[in-house]
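> Chains as they are written, first to last, in the working numbering: chain C, 24 to 263; chain F, 8 to 217; chain W, 68 to 687.
All C-beta atoms, glycine included, are put in the ideal place defined by N, C-alpha and C.
Computed from a prediction, not measured in an experiment: that's the story for all the values here.
1. Suppose the cutoff is 7 Å on Cβ atoms and the five residues either side in sequence are ignored; what does the same chain contact list for residue 466/W look like?
2. Would you mind listing the beta strand (DSSP E) stretches within the region 56-114 of chain C that are 3+ residues and don't spill past its ends, in chain order?
3. Quick one, which residues of the region 81-94 of chain C are near chain W if we go by CB-CB under 8 Å, in chain order?
4. Would you mind telling me which residues of chain W sit closer than 7 Å to residue 253/C, beta carbon to beta carbon, in chain order?
5. Give the residues from the region 36-65 of chain F that approach chain W closer than 7 Å (Cβ to any Cβ), ordered along the chain.
6. Specify, as a first and last residue, the run of the alpha helix (DSSP H) that residue 98/F falls within.
7. Tell me, please, whether the region 518-528 of chain W touches the region 105-112 of chain C by the rule of three or more beta-carbon pairs shorter than 8 Å.
8. Which of the three DSSP states is assigned to residue 647/W in this structure?
9. Look at residue 44/W and residue 378/W and say whether their C-beta atoms are less than 7 Å apart.
10. Would residue 508/W be called buried (16 or more neighbouring beta carbons within 10 Å of its own) or exposed?
11. Mind pulling the alpha helix (DSSP H) runs of 4 or more residues that sit fully within the region 157-203 of chain W?
12. Give, in chain order, every residue of the region 528-543 of chain W whose Cβ lies closer than 8 Å to some Cβ of chain C.
13. Only counting the same chain, and skipping five residues up and downstream in sequence, which positions put a Cβ closer than 7 Å to that of residue 511/W?
14. Please list the partners that residue 135/W has in chain F, where partner means a Cβ-to-Cβ separation under 7 Å.
15. By DSSP's criteria, residue 278/W is part of a beta bridge. Which residues make up the other side?
16. In terms of residue numbering, what span does the beta strand (DSSP E) encompassing residue 447/W cover?
17. Pull out every residue of the region 171-196 of chain C whose Cβ sits closer than 8 Å to any Cβ of chain W, in chain order.
18. Against chain W, does residue 68/C count as a neighbour if the rule is that its beta carbon must be under 7 Å from one of theirs?
19. Chain W partners of residue 115/C, CB-CB under 7 Å?
20. Below 7 Å between beta carbons: does that hold for residue 360/W and residue 157/F?
21. How big is the Cα-Cα spacing for residue 503/W and residue 460/W?
22. For residue 229/F and residue 128/F, which I take to be in contact (beta-carbon distance under 8 Å), what is that distance rounded to the nearest angstrom?
23. Taking DSSP as the reference, what is the three-state secondary structure of residue 218/C?
24. Which residues in chain W sit within 8 Å of residue 72/F, going by Cβ to Cβ distance?
25. So if I threshold CB-CB distances at 9 Å, which residues from the region 552-583 of chain W count as touching chain C?
26. Closer than 9 Å, Cβ to Cβ, to anything on chain C: give me those residues from the region 384-417 of chain W, in chain order.
27. The region 132-161 of chain F: which residues have C-beta closer than 8 Å to a C-beta of chain W, in chain order?
28. State the CB to CB distance for the pair residue 471/W and residue 447/W, rounded to an integer number of angstroms; the pair is presumed to be in contact (CB under 8 Å).
29. Please confirm if residue 169/F has its CB atom under 7 Å from at least one CB of chain W.
30. Along chain C, which residues have their Cβ under 9 Å away from the Cβ of residue 67/F?
31. Give me the chain F residues within the contact set of residue 486/W, using Cβ-Cβ distance strictly less than 8 Å, ordered along the chain.
32. Rounded to a whole number of angstroms, what is the C-alpha to C-alpha distance between residue 684/W and residue 661/W?
33. Determine the chain W residues that contact residue 142/C at a beta-carbon separation under 7 Å, and present them in chain order.
34. Return the CA-CA distance between residue 138/F and residue 158/C, expressed in angstroms with no decimal places.
35. Would you verify that the beta carbon of residue 115/F is, or is not, closer than 7 Å to some beta carbon of chain W?
36. So residue 556/W and residue 541/W are supposed to be a Cβ contact under 8 Å. How far apart are they, rounded?
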């Protein structure tokens, strides 16, 4: 790919033409807040926190773009903390603070931007879910099971298994709980049982150390997908 | 007569398969496929959705997402008669919300609910494009413009009559019950007078419009 | 196919009907006509005609525009012009048939005007009517005149001549013509159509998609519905020409028409039209012998305003939920199924055949510098003449409201015009001489949108209008991005409180700040324009907001919590109607004596106000 030169917050940097601006920033130690993005999944621009203001000429018209999806090109000039950018971030944080008052990740980020209390009435029905969609994308793109999706639209939008019922395809791997930035997704384990999204899984015991480490259903699925025999998978990662 | 509204999931799979074929067996037509199924059953039965998932080779979450994203689709069965009150801008300005309120009062339901006898489902719709004839009410696919809150009772009565349904086991509406008691007149007579008056009122040229 | 032979046959059929030795009765049977009661008339006609022993052909036609005068029934007697009768109900129909049709006795007060050629004493031509005089019909050229179920009508009136001409031109030349014509997207974006076609043509891909946006989600807009129902072939011809222009010589092409779920009659008429076009060789393989293949399929919306947004529409066409995509890469490069895609609105396509027929110079000679051609507006609300009108760009709002619109109904005072649907803003009286075009409307904080023009009078509350649109958008938001999903909901909460008399002055500053955040932070056009109705009403009618907050009063008489109903004892004659109709027994009284409204039981439904024949009920 072609190498190009761009400027971010006054710093002249090199990048590949067409790569997303967020990657260029992160690679060069330029901090951009994100709530709905990680390296493993496709960016979608849901949270708007990584917003930056770009222009093509020093005195040219500014335009707000989300850096997680914006492809850079030669001559791009970026301001990561302009007045407009800060307004968007503060607006988003104040709105999320009201929607998910219990979400620590939101509270902490809001404090960084000087927001300790929201001017909007607090909700209590949305738990800690900020609808970042990381769980949906992780289940689909990383795990490949696609057990999670969205239902409804607008303020009533929610994530979860199909029809909000225990999913027939969920393997209980817990990847969604792992990537959830606010801890909204709860996975519990008691004895030989794991529960997540309303589905209970019987856990397999490691052949060597005897620890309960993965749902049988997950191992069966992995065996089917990879062709590796179940017995080989029935040993926990630490003992393999 | 009290009828237990059990959701009968008696879905004709041959019909569902035929709908899928009608739309080229292509998942791109998921929405019209769902709509055609809903036209027959008044909602999207789970059995039909599972058949779709299988025949179109879709993840179940996609079926669940599409079935709940679009306003026209319902996972709950609807009544035998569907009422849609248009709440487009022109209809709003000309009293659409008041018509909704009248239906709510007369049928005893909220929007998107079905009456206990399973006859009527009250819904709103965001503009059917007959704006110059606002306010618009659609009953069983029949679009009617220039409606008014006072006409709501008549509209419901007409549907009942045409379908051979007895008038609602009301909660006698207070305005009709009380004057009847006060004057010793039978409620039926008051209702008849109201109907006569209603006819007079709707034919008279309106002196003022909201 | 032998186009000349088809044309001759079609023209003959059409002329035969115009010169029919037996009467022909046209009934306006588009959705608006049916909503007004035309369905009942169509049912009655066969038996009425039989009873009168008259043989006459009944032809359902589409909408000619003036919905306020519907149902429209046109009677064409042999040797006489086609007379359009207005607001026909069963009683009037009988009169018209018995008197005019049989006895040749005309009642001019029942007639709206003469459609087409010819003269008749006492009945002026329709084109002379105040509502029609300023109009110039390009997109609506056939609507109401022809039977939408007959492709022969379309061909007789000049249909598919443009296609024949275009297929003999170079595709790049057609793109050039459309660019030079100045045609801008009629759906709302106002993007240069020629430029769009050019970029799709230039893109890389083994297939190009040609899409028609028939979603028309703006409440208050119905020009696309009318065109799809009344003249489906105009759109189809436009699409085929577009497909040829962007794909011939580059790749194969496929077409889709995305029609809103709430328009079943439009779908029905389009399906029929497509079948007819296919049978005759205007669609499918080797169109008109040119070697160009193109097929159009219909897909339907599911009830989502957001699917009018191009990337959401494409997702919907892919069988997914209507979540828009962040579009840093344009649809012209990667649209439907990630292939080069051209999306235009119904009205835009409808203009294309005329541009090819009459030339780009003709089209660009109409309108203003930045906005060429005509625009169809749905003029609705508090005007006397409501319906669809097509006028050259640049007409003033004053002319729209007072001349074409016939002024404010009931002699009330004009307050504002709302344009652009939920994405647009209000324009107050002080700007009534504004020349309507894309750029002017944007300049004053509104936008053209689909062409909805909602006229409001003193009885409309601007805070209520803002709340209405905001609530609408809250219900239609897809929920993908935070600013729109959360922000619009909060805007609605604040506006709601204000209409209930629970507002605070700080709310206004918060609304402005929040509105700005949503405008610049949202992912798609829906969110970006969602604050417009609120911001624009706040800008031009701030006093009304302050009255709601500080005085807890709604002077327009709309916000239920802030008004009360009472009966004027001087005017009440005790007719008892209010009590008969009052749902909560709040309005009570003895017959023939003055009635009273009990404010504790009154739910402000306003029915007593509607039914009182003495105008004794007063809103405070």
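Short version:
1. The residue given as residue 466/W occupies position 399 in the third chain. The beta carbon of residue 466/W sits closer than 7 Å to the beta carbons of 201 from its chain, once the five residues preceding and following it are set aside; these are given in chain order.
2. For the beta strand (DSSP E) assignment, the uninterrupted runs of no fewer than 3 residues enclosed by the region 56-114 of chain C are, from N- to C-terminal side, 74-78, 86-89, 100-102.
3. Along the region 81-94 of chain C, the positions whose C-beta sits under 8 Å from a C-beta of chain W are 87, 88, 89, 92, 93, 94, read in chain order.
4. The residue you call residue 253/C lines up with position 230 of the first chain. The premise fails here: residue 253/C is roughly 35 Å from chain W at the closest Cβ pair, so nothing lies under 7 Å.
5. With the criterion set as a beta carbon lying under 7 Å from some beta carbon of chain W, the members of the region 36-65 of chain F are 36, 37, 38, 39, 42, in sequence order.
6. The residue you call residue 98/F lines up with position 91 of the second chain. Residues 96-100.
7. Cβ pair count under 8 Å is below three, so no.
8. In the third chain, counting from the first residue as 1, residue 647/W sits at position 580. Reduced to three states, the DSSP call for residue 647/W is helix.
9. With chain W covering only 68 through 687, there is no way to say anything about residue 44/W.
10. Here residue 508/W is taken as the residue at index 441 of the third chain, counted from 1. Answer is buried; the Cβ neighbour count reaches 16.
11. If we require 4 residues or more, the alpha helix (DSSP H) runs fully inside the region 157-203 of chain W come out as 157-162, 197-200.
12. Result list: 541, 542, 543.
13. Counting from 1 along the third chain, the entry for residue 511/W is found at position 444. Taken in chain order, the residues that qualify are 494, 498, 501.
14. Numbered from its first residue, the third chain carries residue 135/W at position 68. For the C-beta of residue 135/W, the chain F residues within less than 7 Å are, from N- to C-terminus, 139.
15. Counting from 1 along the third chain, the entry for residue 278/W is found at position 211. Paired residues: 323/W, 410/W.
16. Taking the first residue of the third chain as position 1, residue 447/W is located at position 380. Note, residue 447/W: beta strand (DSSP E), 441-448.
17. Against chain W - using a Cβ distance shorter than 8 Å - the residues of the region 171-196 of chain C are 173, 175, 176, 177, 178, 179, 180.
18. Translated into the one-based positions of the first chain, residue 68/C becomes position 45. The C-beta of residue 68/C comes closer than 7 Å to at least one C-beta of chain W.
19. Reading the first chain from its first residue, position 92 is the one you call residue 115/C. Under the 7 Å cutoff, chain W gives 549, 550, 588.
20. Translated into the one-based positions of the third chain, residue 360/W becomes position 293. Translated into the one-based positions of the second chain, residue 157/F becomes position 150. In this structure, residue 157/F does not lie closer than 7 Å to residue 360/W by Cβ.
21. Looking up residue 503/W in the third chain gives position 436. Looking up residue 460/W in the third chain gives position 393. Whole-angstrom Cα-Cα distance: 6 Å.
22. Nothing can be reported for residue 229/F: it is not among the residues displayed for chain F, which extend from 8 to 217.
23. In the first chain, residue 218/C corresponds to position 195, counting from 1. Three-state result, residue 218/C: strand.
24. Numbered from 1 along the second chain, position 65 holds the residue referred to as residue 72/F. Under the 8 Å cutoff, chain W gives 387, 388.
25. The residues in question are 552, 553, 554, 555, 556, 557, 560, 561, 573, 577, 580, 581, 583.
26. Those residues of the region 384-417 of chain W that come within reach of chain C (Cβ to Cβ, closer than 9 Å) are 388, 389, 390, 392, 393, 395, 396.
27. If you check each beta-carbon in the region 132-161 of chain F against every beta-carbon of chain W, the ones closer than 8 Å belong to 132, 133, 134, 135, 136, 137, 138, 139, 140, 141, 143, 148, 149, 150, 151, 152, 153, 155, 156, 157.
28. Counted from its first residue, the third chain places residue 471/W at position 404. Counted from its first residue, the third chain places residue 447/W at position 380. Your pair residue 471/W and residue 447/W does not check out as a contact, with CB atoms roughly 12 Å apart and the cut at 8 Å.
29. Numbered from its first residue, the second chain carries residue 169/F at position 162. Answer no: the Cβ-Cβ gap between residue 169/F and chain W never drops below 7 Å.
30. Stepping through the second chain from its first residue, residue 67/F is reached at position 60. Per Cβ cutoff of 9 Å: 169, 170, 172, 184, 185, 186, 190, 191, 192.
31. Position 419 of the third chain, counted from the first residue, corresponds to residue 486/W. Neighbours of residue 486/W in chain F, taken as residues at a C-beta separation under 8 Å, are lacking, since the least C-beta distance is about 11 Å.
32. By one-based count along the third chain, residue 684/W stands at place 617. By one-based count along the third chain, residue 661/W stands at place 594. Annotation: residue 684/W to residue 661/W spans about 11 Å, alpha carbon to alpha carbon.
33. Counting from one through the first chain, the residue named residue 142/C turns up at place 119. Those within 7 Å of residue 142/C in chain W are 577.
34. On the second chain, position 131 is the one that residue 138/F refers to. On the first chain, position 135 is the one that residue 158/C refers to. Approximately 43 Å between the Cα atoms of the pair.
35. If you number the second chain from 1, residue 115/F lands on position 108. By this cut-off, residue 115/F is not an interface position.
36. Position 489 of the third chain, counting from 1, holds the residue named residue 556/W. Position 474 of the third chain, counting from 1, holds the residue named residue 541/W. The beta carbons of residue 556/W and residue 541/W sit about 5 Å from each other, so the pair counts as a contact at 8 Å.
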